[in-house]
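Here's the structure, in structure tokens; my notes come after.
Protein chains: 2
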Amino acid sequence: MRDTLAGYAALYGGPSSGPASAPIPAANEAEAPPLGYALAQLHGIFVLAENAQGLILVDMHAAHERITYERLKAARDGEGIRSQPLLVPLSLAVSEREADLAEQHADTLAGYGFELRRAGPQALSVRSVPTLLADLDPKALVLDVLSDLREHGSSRKLEEARNELLSTLACHTSVRANRRLSLPEMNALLRDMESTERSGQCNHGRPTWVQLTKAELDRLFLRGR
Amino acid sequence: MRDTLAGYAALYGGPSSGPASAPIPAANEAEAPPLGYALAQLHGIFVLAENAQGLILVDMHAAHERITYERLKAARDGEGIRSQPLLVPLSLAVSEREADLAEQHADTLAGYGFELRRAGPQALSVRSVPTLLADLDPKALVLDVLSDLREHGSSRKLEEARNELLSTLACHTSVRANRRLSLPEMNALLRDMESTERSGQCNHGRPTWVQLTKAELDRLFLRGR
Chain U
11 MRDTLAGYAA
21 LYGGPSSGPA
31 SAPIPAANEA
41 EAPPLGYALA
51 QLHGIFVLAE
61 NAQGLILVDM
71 HAAHERITYE
81 RLKAARDGEG
91 IRSQPLLVPL
101 SLAVSEREAD
111 LAEQHADTLA
121 GYGFELRRAG
131 PQALSVRSVP
141 TLLADLDPKA
151 LVLDVLSDLR
161 EHGSSRKLEE
171 ARNELLSTLA
181 CHTSVRANRR
191 LSLPEMNALL
201 RDMESTERSG
211 QCNHGRPTWV
221 QLTKAELDRL
231 FLRGR
Chain V
11 MRDTLAGYAA
21 LYGGPSSGPA
31 SAPIPAANEA
41 EAPPLGYALA
51 QLHGIFVLAE
61 NAQGLILVDM
71 HAAHERITYE
81 RLKAARDGEG
91 IRSQPLLVPL
101 SLAVSEREAD
111 LAEQHADTLA
121 GYGFELRRAG
131 PQALSVRSVP
141 TLLADLDPKA
151 LVLDVLSDLR
161 EHGSSRKLEE
171 ARNELLSTLA
181 CHTSVRANRR
191 LSLPEMNALL
201 RDMESTERSG
211 QCNHGRPTWV
221 QLTKAELDRL
231 FLRGR
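Chains as they are written, first to last, in this note's numbering: chain U, 11 to 235; chain V, 11 to 235.
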């Protein structure tokens, strides 16, 4: 885990300006997790954590989205994105163009964990969704994937848009923002971030967490060091 | 409480620079306490609280010291600082000069809640201390007061140094820093701050709390508004 983290901290140790100049934890602090331990949730948006350096703020949604993205990517480029059958297949009303695209790209979609069958001129039956996204709304998920297919319809373009598709999928974890997290859930998120490469930056290039050091906190209180 | 707070917020709404430009809560938010509700303690130094505007950081010790100072001042200028007898009088070895001063200024000391009796050429017996400071170490407290007496020994100078003496007394609440506070204790501190005039600034002119607004937190994450 240290290796992952060293790279992670070096690449994404907070934003490039402002009070978020996150130092890489020193070697002798290897026992303590770099992102510390969760204290509380703020406004349903941030997780506050205490580490040796000071206060950590985590953009819950951005961090979670990034972790999902990296996991989907690792799965797709590795053993494949796992698929989970829905208990009851979902009937979906779509446009004829979307139904055509779903049929045409059935193999590609299967590679992303989706099993969609044509159920009529303007209807699809959703049989399976990616396991990693199984607790999300399957309807919204499939409609967004079809929207991506419509935009990058040709096979060649779709190949180029591979990561964009993953990004679209990961973005659906946004429904989890504003959820009340328990302290163990928050700590699990922190540990996931530490063990996920590139988790320090969201898909739009913004930091998923920032560090306010003790010295920076002192400066807020006009206390010199 | 609103009146106290309006004055307090107007006078001390955070420091004059940096991210702490605390807005005064709008009238329709009168129901929610301006300093919000405590979330957690950070590094034994800060209390983190959530209010409608964002995140509140409180310098626990500075806030507590200020509250004690204002209470001692209000008591002295009002019905007098209440005194609490020690269960067992404390024998204190002091210099002859200090013992002389304690005798000479017995009335003044009584006005501050201290009853000290001479117990020998270089000895005092501490009988009572200020009720507000009854849970502090009486020995350290009395030695500091005697030190102030030594410095401002003449009656005239002592009169001028009245608030300095209060400041010395309030400073002893510092022993409470680094204490683990429960959430109810933290919330009690926040409510005390709201109901104490001038509690927004410590005796050395630094803020006792700062507000990080949602917009400021967003900026840390490079999210524009």
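Here a beta-carbon is modelled for each residue, glycine too, at the ideal position from N, C-alpha and C. Note that this is a predicted model, so its numbers are computed, not measured.
Tell me the rounded alpha-carbon separation between residue i and residue j.
i	j	result
residue 147/U	residue 173/U	21 Å
residue 223/U	residue 58/V	15 Å
residue 149/V	residue 63/U	36 Å
residue 142/U	residue 210/V	48 Å
residue 229/U	residue 216/V	10 Å
residue 92/U	residue 48/U	31 Å
residue 111/U	residue 233/V	36 Å
residue 128/U	residue 152/U	13 Å
residue 46/U	residue 105/V	50 Å
residue 69/V	residue 138/V	30 Å
residue 71/U	residue 176/U	16 Å
residue 60/U	residue 225/U	14 Å
residue 190/U	residue 170/V	55 Å
residue 98/U	residue 194/U	32 Å
residue 155/V	residue 221/U	42 Å
residue 144/U	residue 136/U	12 Å
residue 158/U	residue 178/U	8 Å
residue 53/U	residue 119/V	49 Å
residue 212/V	residue 218/V	6 Å
residue 65/U	residue 65/V	12 Å
residue 67/V	residue 41/V	21 Å
residue 182/V	residue 182/U	53 Å
Is it buried or exposed for residue i, if we count other Cβ within 10 angstroms and need 16 for buried?
i	result
residue 214/U	exposed
residue 95/U	exposed
residue 117/V	exposed
residue 205/V	exposed
residue 114/U	exposed
residue 123/U	buried
So what does DSSP say about residue i, is it helix, strand or coil?
i	result
residue 205/V	helix
residue 172/V	helix
residue 221/U	strand
residue 61/U	strand
residue 36/V	Confidence at residue 36/V is low in this model, with a pLDDT of 44, below 50, so the placement of that residue should be treated as unreliable; the coordinate-derived value is given next. Residue state, collapsed to three classes: coil.
residue 192/V	coil
residue 177/U	helix
residue 66/V	strand
residue 228/V	helix
residue 51/V	strand
residue 43/V	coil
residue 104/U	coil
residue 81/V	helix
residue 88/U	coil
residue 133/V	strand
residue 153/V	helix
residue 146/V	coil
residue 76/V	helix
residue 20/U	In this prediction, residue 20/U has a pLDDT of 27, which is less than 50 and means its spatial position is unreliable; nothing more can be read from the coordinates.
residue 128/U	strand
Our contact map puts residue i next to residue j with C-beta atoms below 8 Å; I'd like the distance itself, whole angstroms only.
i	j	result
residue 77/U	residue 196/U	Contact flag wrong, Cβ pair sits at about 13 Å.
residue 109/V	residue 131/V	7 Å
residue 6/U	residue 208/U	Nothing can be reported for residue 6/U, as the shown portion of chain U is limited to 11 through 235.
residue 56/U	residue 227/V	7 Å
residue 102/V	residue 133/V	7 Å
residue 75/V	residue 180/V	5 Å
residue 160/V	residue 86/V	Rounded, the Cβ-Cβ distance is 21 Å, inconsistent with contact.
Using 8 Å as the cut-off, classify the Cβ of residue i as near or not near the heavy atoms of the ligand NAP, replying yes or no.
i	result
residue 65/U	Of the ligands one can find in the structure shown there are none, so the ligand NAP has no counterpart to examine.
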